[in-house]
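K.L.:
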Amino acid sequence: MIYLIGDLQGCCQALERLLQQLDFSPSRDRLYLLGDLVNRGPCSLEVLQRLHGLGDAATCLLGNHDLHLLAVAHGVRPPHRRDTLQPVLDAPDREQWLYWLRHQRLAVHEHGWLMVHAGVVPQWDLALTLQLAGEVEAQLRSPDHGDFLQVMYGNQPARWTDELRGHDRLRNAVNTLTRIRFCTPDGHLEFAAKEEAAKAPDGYMPWFEVPGRRTAGTPIAFGHWSTLGLMQREDLLALDTGCVWGGRLSAARLEQGRVAEVIQVECEQSQAPG
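Numbering-wise (the numbering used here), the sequence shown opens with residue 914 and increments by one.
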């Protein structure tokens, strides 16, 4: 069986309940985790250990919270007051977990679905999305990854153009793949709004509603947007159902490239989104 799973954010107990509900077997089934594996929940280290232990049975995408962990570990970003990453940072084998995390993906196209953490801008097609994700992945995996983390953060350039090169190109790719919710038709990103899709800032719209989006027709699965909740269309699947915020952890089972079933478990966590 093929399962896509929304944002965990350190909720290992909910993950275990979900795997039990799925009757998951690593020798038979495949999991795709849509990013934000860690942070805000109580068991980020345990989540990393559990997913690592699944080996090839689990494909994990990187979300903004996962990149935040890498940045904090390298002294690039200060911890946020609501972070719950210290057990990872204090672990005697922390370098193993940071190394493993750096070698995860930012975009995957398998079983007919493009999987990302947050989304894509209207100007990207499938091939460009995978190319840009690969460029960022190569930086994170390189011996000089610390230098990349130093320049990874920032809101500029806020709009994709084919002329972007170097750090600007990679930064825009990271912001799109891990942070996008709303954008303009020409791909200008908006970083502040976290409300549901109906409350787009003036001049902006949900990235998946932009007319003429070049990935239209390519089924896309994503997480990141907890206030959006579960959204299921023929070619669109949103799976961040706010587990860490007191909601549910969701998995979608694929059959022949289509969503056959959505399975959810309750989560005991309850925090204010942010």
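Beta carbons are placed, not taken as given, at the ideal position from N, Cα and C, and that holds for glycine.
Look at the alpha carbon of residue 1172 and the alpha carbon of residue 946, and state the distance between them as a whole number of angstroms.
P.N.:
15 angstroms
K.L.:
Within its chain, find whatever has a CB closer than 7 angstroms to the CB of residue 1039; leave out the 5 residues flanking it on each side and keep chain order.
P.N.:
So the list reads 1022, 1027, 1128, 1131, once near-sequence residues are dropped.
K.L.:
In three-state terms, what does DSSP make of residue 1186?
P.N.:
Its pLDDT being 46, under 50, residue 1186 is placed unreliably in this model, and the value from its coordinates should be taken loosely. If DSSP states are grouped into helix, strand and coil, residue 1186 belongs with coil.
K.L.:
Using a 10 Å radius around the Cβ and a threshold of 16 neighbouring Cβ atoms, would you call residue 1104 buried or exposed?
P.N.:
exposed
K.L.:
Return the chain-ordered list of same chain residues with a C-beta closer than 6 angstroms to the C-beta of residue 939, the five sequence neighbours on each side being excluded.
P.N.:
967, 970
K.L.:
Quick check: the Cα distance between residue 1121 and residue 1136, rounded to an integer number of angstroms?
P.N.:
Cα-Cα distance, rounded: 13 angstroms.
K.L.:
Are at least three pairs of beta-carbons, each pair with one atom in the segment 1059–1071 and one in the segment 1080–1093, less than 8 angstroms apart?
P.N.:
As far as the Cβ criterion goes, the segment 1059–1071 touches the segment 1080–1093, which means the pair count is three or higher.
K.L.:
Could you check whether residue 1107 and residue 1154 sit closer than 8 angstroms to each other, using their CB atoms as the reference points?
P.N.:
no
K.L.:
Between which two residues does the beta strand (DSSP E) holding residue 1177 run?
P.N.:
1171–1179
K.L.:
Counting C-beta neighbours from all protein chains within 10 Å, is the total for residue 959 16 or more, i.e. buried, or is it exposed?
P.N.:
buried
K.L.:
In whole angstroms, give me the CA-to-CA distance for residue 1110 and residue 1118.
P.N.:
8 angstroms
K.L.:
Return the chain-ordered list of same chain residues with a C-beta closer than 6 angstroms to the C-beta of residue 1053, the five sequence neighbours on each side being excluded.
P.N.:
Result list for residue 1053: 1015, in chain order.
K.L.:
Figure out for me which residue from 965, 1075, 1071, 1150 has the closest Cα to the Cα of residue 1084.
P.N.:
1071
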